[in-house]
Amino acid sequence: MTSQPSFDRVITEPSPEPAAAAPSRDRAFPVYLHAFTRALIQSLGVAALGLAVFLLLIPVSTAFIPGKSIFDENYTHNQMQYRFYYESLTGVIHAAVIVFGAALAIVLFRFMLVKRSSDAYFAQGITRGKQLGLRFVIGIIMLAVVIFIPIMISLMMNISAFSSLGYAGLAITGGVYLYAGYLILGIVSFCVTALVCSMVGTMTEAVFYSLMAIGAPSILLYGANSLMKQLLFGNSFGFSASTGTVEVGASLLDKLASYNPVLFFYQAAKDYCAQYTRFDGFIQPPVRALPLLGWVIASLVIAALGAAALSRRKAEIAGVSGTSRILGIASTFLLPLLGFAIVLEYGADMGTGYSILAASLTFIVIFLITELVQKNGSRGLSRGILKLPFGLGAVLAAVVILVTGGFGYSSRIPQVDRIASVQMSYAGSPNYLDGQVGGVSTGGSYYVMSNYTFSSKSDLEMITGLHKQIIDGGKGKLARDAENFSNTTVPYDIIVNYTLDNGSHLTRYYDRTKLSVLDKFLTLDKTEAVQKQTRRTITGTTESRYWAAGAFRNGLVYLANSSYTNPRQVILSDSQRKELLGHIADDVEAQSLEDRYYPKDQALGTIMFTQDGGQESLKFGYRLENSIIYVTPSFKNTLQYLKETGLYSYLENTEEIESITLQPYDPYVGMNKSKDPKSPFFLGYIADNDREFIQTKDFGANPVVSDPVKMDELAPLLKNDYYMSGGGYLACVKLKNKNLYVYKFLPAKGAPAYLADAGEHQH
Numbered sequence: 001m002t003s004q005p006s007f008d009r010v011i012t013e014p015s016p017e018p019a020a021a022a023p024s025r026d027r028a029f030p031v032y033l034h035a036f037t038r039a040l041i042q043s044l045g046v047a048a049l050g051l052a053v054f055l056l057l058i059p060v061s062t063a064f065i066p067g068k069s070i071f072d073e074n075y076t077h078n079q080m081q082y083r084f085y086y087e088s089l090t091g092v093i094h095a096a097v098i099v100f101g102a103a104l105a106i107v108l109f110r111f112m113l114v115k116r117s118s119d120a121y122f123a124q125g126i127t128r129g130k131q132l133g134l135r136f137v138i139g140i141i142m143l144a145v146v147i148f149i150p151i152m153i154s155l156m157m158n159i160s161a162f163s164s165l166g167y168a169g170l171a172i173t174g175g176v177y178l179y180a181g182y183l184i185l186g187i188v189s190f191c192v193t194a195l196v197c198s199m200v201g202t203m204t205e206a207v208f209y210s211l212m213a214i215g216a217p218s219i220l221l222y223g224a225n226s227l228m229k230q231l232l233f234g235n236s237f238g239f240s241a242s243t244g245t246v247e248v249g250a251s252l253l254d255k256l257a258s259y260n261p262v263l264f265f266y267q268a269a270k271d272y273c274a275q276y277t278r279f280d281g282f283i284q285p286p287v288r289a290l291p292l293l294g295w296v297i298a299s300l301v302i303a304a305l306g307a308a309a310l311s312r313r314k315a316e317i318a319g320v321s322g323t324s325r326i327l328g329i330a331s332t333f334l335l336p337l338l339g340f341a342i343v344l345e346y347g348a349d350m351g352t353g354y355s356i357l358a359a360s361l362t363f364i365v366i367f368l369i370t371e372l373v374q375k376n377g378s379r380g381l382s383r384g385i386l387k388l389p390f391g392l393g394a395v396l397a398a399v400v401i402l403v404t405g406g407f408g409y410s411s412r413i414p415q416v417d418r419i420a421s422v423q424m425s426y427a428g429s430p431n432y433l434d435g436q437v438g439g440v441s442t443g444g445s446y447y448v449m450s451n452y453t454f455s456s457k458s459d460l461e462m463i464t465g466l467h468k469q470i471i472d473g474g475k476g477k478l479a480r481d482a483e484n485f486s487n488t489t490v491p492y493d494i495i496v497n498y499t500l501d502n503g504s505h506l507t508r509y510y511d512r513t514k515l516s517v518l519d520k521f522l523t524l525d526k527t528e529a530v531q532k533q534t535r536r537t538i539t540g541t542t543e544s545r546y547w548a549a550g551a552f553r554n555g556l557v558y559l560a561n562s563s564y565t566n567p568r569q570v571i572l573s574d575s576q577r578k579e580l581l582g583h584i585a586d587d588v589e590a591q592s593l594e595d596r597y598y599p600k601d602q603a604l605g606t607i608m609f610t611q612d613g614g615q616e617s618l619k620f621g622y623r624l625e626n627s628i629i630y631v632t633p634s635f636k637n638t639l640q641y642l643k644e645t646g647l648y649s650y651l652e653n654t655e656e657i658e659s660i661t662l663q664p665y666d667p668y669v670g671m672n673k674s675k676d677p678k679s680p681f682f683l684g685y686i687a688d689n690d691r692e693f694i695q696t697k698d699f700g701a702n703p704v705v706s707d708p709v710k711m712d713e714l715a716p717l718l719k720n721d722y723y724m725s726g727g728g729y730l731a732c733v734k735l736k737n738k739n740l741y742v743y744k745f746l747p748a749k750g751a752p753a754y755l756a757d758a759g760e761h762q763h
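Each residue of the sequence shown is one higher than the one before, starting from 1 at the first, in UniProt numbering.
(1) Assign S429 to one of two classes, buried (16 or more other C-beta atoms within 10 Å of its C-beta) or exposed (fewer than that).
(2) For F745, does the count of other Cβ atoms within 10 angstroms reach 16, so buried, or fall short, so exposed?
(3) Who pairs with E247 in a beta bridge, going by DSSP?
(4) Whose C-alpha, out of Q423, V248 and V365, is nearest the C-alpha of T527?
(5) Does DSSP classify N566 as helix, strand or coil?
(6) Contact check, I538 vs I584 under 8 Å by CB: the rounded distance?
(7) Give the single residue among K477, L642, R312 and L392 whose Cα lies nearest to the Cα of F340.
(8) Measuring CB to CB, does G439 end up less than 8 Å from Y447?
(9) Does the separation of the CB atoms of A731 and L718 fall below 8 Å?
(10) Does DSSP put N702 in a helix, in a strand, or in coil?
(11) Give the DSSP-derived three-state secondary structure of V262 in the structure shown.
(12) Roughly how many angstroms lie between the CA atoms of residue 772 and G50, to the nearest whole one?
(13) When the Cα of Y177 is compared with those of A269, I317 and A216, which residue comes out closest?
(14) Out of F620, N626, P716 and I657, which has the shortest C-alpha to C-alpha gap to Y685?
(15) Measure the alpha-carbon distance for S299 versus I187 and round it to whole angstroms.
(16) Are E713 and P664 closer than 8 Å when you measure CB to CB?
(17) Helix, strand or coil: which one does DSSP assign to S516?
(18) Please report the residue range of the alpha helix (DSSP H) in which C273 lies.
(19) Report all residues from its chain with a CB closer than 6 Å to the CB of L683; omit the five preceding and five following residues, and keep chain order.
(20) In angstroms with no decimal places, state the Cα-to-Cα distance between V301 and E345.
(21) Using the Cα positions of E461 and A171, report the straight-line distance between them to the nearest angstrom.
(22) First and last residue of the beta strand (DSSP E) that includes P491?
(23) Which residue marks the beginning of the beta strand (DSSP E) containing F190, and which one marks its end?
(24) Which of helix, strand or coil does DSSP assign to N626?
(25) Within 10 Å of its beta-carbon, does Y432 have 16 or more other beta-carbons around it, so buried, or fewer, so exposed?
(26) Using DSSP with H/G/I as helix, E/B as strand and the rest coil, what is R691?
(27) Compare the Cα-Cα distances from G503 to each of I471, A420 and G582 and report the closest residue.
(28) What number of angstroms, rounded off, separates the C-alpha of K736 from the C-alpha of A560?
(29) Measure the CB-CB distance between L515 and S486 and report whether it falls below 8 Å.
(30) Report buried or exposed for N497, applying the criterion of at least 16 other Cβ atoms within 10 angstroms of its Cβ.
(31) How would you write the range of the alpha helix (DSSP H) that T127 sits in, first residue to last?
(32) Express the C-alpha separation of R568 and G555 in angstroms, rounding to a whole number.
(33) So for L746, helix, strand or coil by DSSP?
(34) Is it the case that the stretch 345-354 contacts the stretch 223-232, given that we only count it when at least three CB pairs across the two stretches are under 8 Å?
(35) I want to check one thing, is the minimum distance from the CB of A482 to the heavy atoms of the ligand GTP below 7 Å?
(36) Could you tell me the alpha carbon to alpha carbon distance between E87 and E652, rounded to whole angstroms?
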């Protein structure tokens, strides 16, 4: 019989009851409370300093600056609706919030960066994740309280000042939006700095890399935009027209601001820091909650990355520099890139080649300095320097791509059948422009810019043809062409903005072109769009009340001879003005481009419409408020009207010439070669001295012609208005027996041979 195996009885200890864990949790609570309280106390100093700064910047600037308080009706004029701070302080407050968030994180996470405190904190019995969580909670609480107090004080003062005017609701909306935006901005800065603290070993690195990490998108976008502005022909990003009144295209920083941890709330803060009753058509943009929500989510992601970095952090790296390879590599690229971009942008006057060379040397120097600092001296520099060719090579590769046209960016012109409309700059006569004008006018020199919108097929074909000529002309050097004057490249704002059938836009901007190309731009006068707008401007049927349109509609009317010496104001009834303007519009429409810009005949006289009633207008130099008609024999309807009304006699010119001083027309005649554009369409004027040339010549005497025979030869060749693209001479005509000087233009074509013999002739 088989025996059965025997088993010994095994007695086990009973499992502890679940309730036994409660005393453990009770013992942990004082540890958490102690850690929380200690961290809170550590943050009080920087919080108090931040509160003092924000109180000074926000409520103090709201109501406590004498003469500029929101409670002073002599200052607000019942037009202010609310103000939390001056708009000019937006950048300062923005930076203060970022610095405050970063400073809070440095203080709260400093324990990881100091060897002794690191060992002590990690031995407290609290997990790293909970250490991080406690400090995140404290940081957000401090940010919320410190930012809330000054904005709330300012809000209460605004409600007190403006509630009787019905603006309390606007102030509350503005205050809530500002608070939410600045709080999230501070949290983003705090989270980024906390992440950096989890990755580095020293306080110095934490401060430096935090600022670099927060500013990294701005550095990259600024660097890219700087390279594009200087090297990519036709680039429109980040350009404003030279007049400063027209933004051609937003910079990459502005265009992508919503994705930038520094700038996502900047424009909104400017828009909502104050509000006034506006008369310029400005409408406050709506509250944009989506970017704020996006950055709340981004902050959570950054905080999670910080927790992950802390969980893998070795305690022994506290106090040791150079432990974050990622941040080290990033700094050795970002800082040299920033230096490269700055030198390239501000060294453009040296020329493209020299500025690229100087920028490359700057990149190398900053790279070496950054490597030396990170390696604590020359030790290890030999390995680090191997990264230089890759960093500089990447930047120079971008330079080559941009200089060669950016993969077709510079040469792209849409097909005509894909274009819905196009706006293009106008380079012709300023005398028929409506209110969409910006520019300057001083003495005889002036510059105006205006855009016309074209949509007919024939107009679009002409525009694309002109655009191609701009591209073919290239980005020439701003200098006079001694061989062919018409190939001289001059500064000029040219904007081409296509609206395509699918609703998208293609915009190109050129800050220079050849005079020969500007000459071709004059053909725009014969497009349907310009002809239609010119007639409306002259006849006063536009909505504009400014510039030429306003002058034709409401301006004083003067008639004068071609020497401007007998100006007579003519009082016209509404019907008489309408009739005169109708005749002028008919004659201008029928006028050939040759007669308008390169007249062979002498002007018989001038008709000036001016909104400037002072004596300045009687110099007859072009002003933005004026419009001057140079009456040539082709103005048949206008001349007939003047004869029928007895006004023709005011055009008679009996002046004699005493001498003629000639100065060759050269856009670069002065020592300091200006980049400011000037119109090449000469418009005559009168002055009381012989030093009013539209250009200043620094060296050399101007030839003076006083021989009667030569003056008789020159006089018929002098023009009151002329497009100077073919070169010529600025002429100062001294009138006989009068202390008056008439400024006209002598075209190079047909100029007397003795000027060429004197070495003054332009070819």
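In this text, a Cβ means the ideal position worked out from N, Cα and C, and glycines have one as well.
Short version:
(1) Per the 10 Å Cβ criterion, buried.
(2) The Cβ neighbour count for F745, taken over all protein chains shown within 10 Å, is at least 16; the residue is labelled buried.
(3) E247 pairs with S240.
(4) Residue Q423 holds the alpha-carbon nearest to the alpha-carbon of T527 among Q423, V248 and V365.
(5) Three-state result, N566: coil.
(6) Yes, I538 and I584 are in contact; Cβ-Cβ is about 6 Å, under 8 Å.
(7) Ranking the options by Cα distance to F340, first place goes to L392.
(8) Taking 8 Å as the cut-off, the Cβ atoms of G439 and Y447 count as close.
(9) It is a contact, given that the beta carbons lie within the stated cut-off.
(10) Annotated three-state conformation of N702 is coil, per DSSP.
(11) In the displayed model, V262 falls within coil according to three-state DSSP, outside both helix and strand.
(12) Given that the chain is displayed from residue 1 to residue 763, the structure contains no residue 772 and the question cannot be resolved.
(13) Taking only the C-alpha atoms, the option nearest Y177 is A269.
(14) The candidate whose alpha carbon is nearest that of Y685 is F620.
(15) Going by the C-alpha atoms only, they are around 7 Å apart.
(16) No, they are not a contact pair.
(17) Looking at S516 - three-state DSSP - the assignment turns out to be helix.
(18) Secondary structure note for C273: it is in no alpha helix (DSSP H), with a DSSP letter that is neither H nor E.
(19) Closer than 6 Å at Cβ, skipping near neighbours: Y622 and D721.
(20) Between V301 and E345, the C-alpha separation is close to 36 Å.
(21) Going by C-alpha positions, E461 is about 52 Å away from A171.
(22) T489 to L500 is the span of the beta strand (DSSP E), which, as asked, contains P491.
(23) Not the beta strand (DSSP E): F190 falls in the alpha helix (DSSP H), residues A168 to M199.
(24) Strand.
(25) Buried is the call here.
(26) Coil at R691, not helix or strand.
(27) The candidate whose alpha carbon is nearest that of G503 is A420.
(28) In this structure, the CA atom of K736 is about 18 Å from the CA atom of A560.
(29) Yes.
(30) With 16 or more other Cβ atoms within 10 Å, it is buried.
(31) From DSSP, T127 is part of no alpha helix (DSSP H); its letter is neither H nor E.
(32) Their Cα atoms are separated by approximately 14 Å.
(33) Residue state, collapsed to three classes: strand.
(34) With a cut-off of 8 Å, the stretch 345-354 and the stretch 223-232 count as touching, because enough Cβ pairs lie within range.
(35) With respect to the ligand GTP, the structure shown offers nothing to examine, as it has no ligands at all.
(36) Their backbone Cα atoms lie some 57 Å apart in a straight line.
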